[in-house]
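Peer 1: Take a look at this one; I'll ask things after.
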Ligand code: SF4
Ligand code: SF4
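Numbering (the working numbering), first residue to last: 1074 to 1229.
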């Protein structure tokens, strides 16, 4: 008999505890994000979709050294290099990346590519919108990654 009373008491205590959580949560401020209507706020060091940076003259910072792709543990960076000419200068170095693709179906956002880059040409941006219906759309091309020029927000 004593054990039955004990079990009923335990069940009652669990119910009170559970409803206590429900009641407390009901009156808390909601944390629902209204994405995509409202863009979420991310931390300054958030590793989002990469950005291929330009220098102060608008030239591409990437000099096609392949260090980022060598450092990538997911093997998801594909680069094709080409030579700059006097008639057509794309970067400040000898070479530039004619093709620069990142396959976001493989990228693990580890940041190794960013650390490996000697010219700070590749950085993480803050964009999080990576949910296409077609897997092929996960491969981002250079024109999708390249910093918009002139910049929308003038540099400090
Ligand atoms: S963040 Fe990591 S996995 Fe993604 S491209 Fe860079 S090195 Fe590769
Ligand atoms: S992004 Fe940086 S590391 Fe990668 S190829 Fe260009 S210059 Fe080299």
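Backbone N, C-alpha and C define an ideal beta-carbon position, used for all residues, glycine too. All of these numbers come straight from a predicted model, not from anything done at the bench.
Check whether the region 1153-1172 and the region 1106-1118 are in contact - that is, three or more C-beta pairs closer than 8 Å.
Peer 2: no
Peer 1: Given the structure, does residue 1151 come close to ligand 1, in the sense that its CB is under 6 Å from one of the ligand's heavy atoms?
Peer 2: Taking the first residue of the chain shown as position 1, residue 1151 is located at position 78. No, the Cβ of residue 1151 stays beyond 6 Å of every heavy atom of ligand 1.
Peer 1: Any heavy atom of ligand 1 closer than 6 Å to the beta-carbon of residue 1139?
Peer 2: Here the question's residue 1139 lines up with position 66 in the chain shown. Result no, Cβ not under 6 Å from ligand 1.
Peer 1: For the alpha helix (DSSP H) containing residue 1169, name the first residue and the last one.
Peer 2: By one-based count along the chain shown, residue 1169 stands at place 96. Run containing residue 1169: none in the alpha helix (DSSP H); it sits in the beta strand (DSSP E), 1168-1176.
Peer 1: Is residue 1122 closer than 7 Å to residue 1150 when the C-beta atoms are compared?
Peer 2: Here residue 1150 corresponds to residue number 77 of the chain shown, with the count starting at 1. Here residue 1122 corresponds to residue number 49 of the chain shown, with the count starting at 1. In this structure, residue 1122 does not lie closer than 7 Å to residue 1150 by Cβ.
Peer 1: Which runs of the beta strand (DSSP E) spanning at least 3 residues fall entirely within the region 1189-1225, listed in chain order?
Peer 2: 1195-1197
Peer 1: Taking buried to mean at least 16 other C-beta atoms within 10 Å of its own C-beta, is residue 1136 buried or exposed?
Peer 2: Walking along the chain shown from the start, residue 1136 turns up at place 63. Result: buried.
Peer 1: Report back the beta-carbon spacing between residue 1247 and residue 1178 to the nearest angstrom; my notes put them in contact at under 8 Å.
Peer 2: What is shown of the chain runs 1074 to 1229, which leaves residue 1247 out entirely.
Peer 1: Quick check: the Cα distance between residue 1217 and residue 1134, rounded to an integer number of angstroms?
Peer 2: One-based indexing of the chain shown puts residue 1217 at position 144. One-based indexing of the chain shown puts residue 1134 at position 61. Rounded to whole angstroms, residue 1217 to residue 1134 spans 16 Å at the Cα level.
Peer 1: Within 6 Å: the Cβ of residue 1172 and any heavy atom of ligand 4?
Peer 2: For ligand 4, the structure offers nothing, since it holds only ligand 1 and ligand 2.
Peer 1: Would you check whether ligand 1 has a heavy atom nearer than 6 Å to the C-beta of residue 1145?
Peer 2: Working through the chain shown from its first residue, we reach residue 1145 at position 72. True, at least one ligand heavy atom lies under 6 Å from that Cβ.
Peer 1: If the criterion is Cβ atoms closer than 7 Å, does the pair residue 1194 and residue 1126 meet it?
Peer 2: As a working mapping, residue 1194 is identified with position 121 in the chain shown. As a working mapping, residue 1126 is identified with position 53 in the chain shown. Their beta carbons are under 7 Å apart, which means residue 1194 touches residue 1126 by this criterion.
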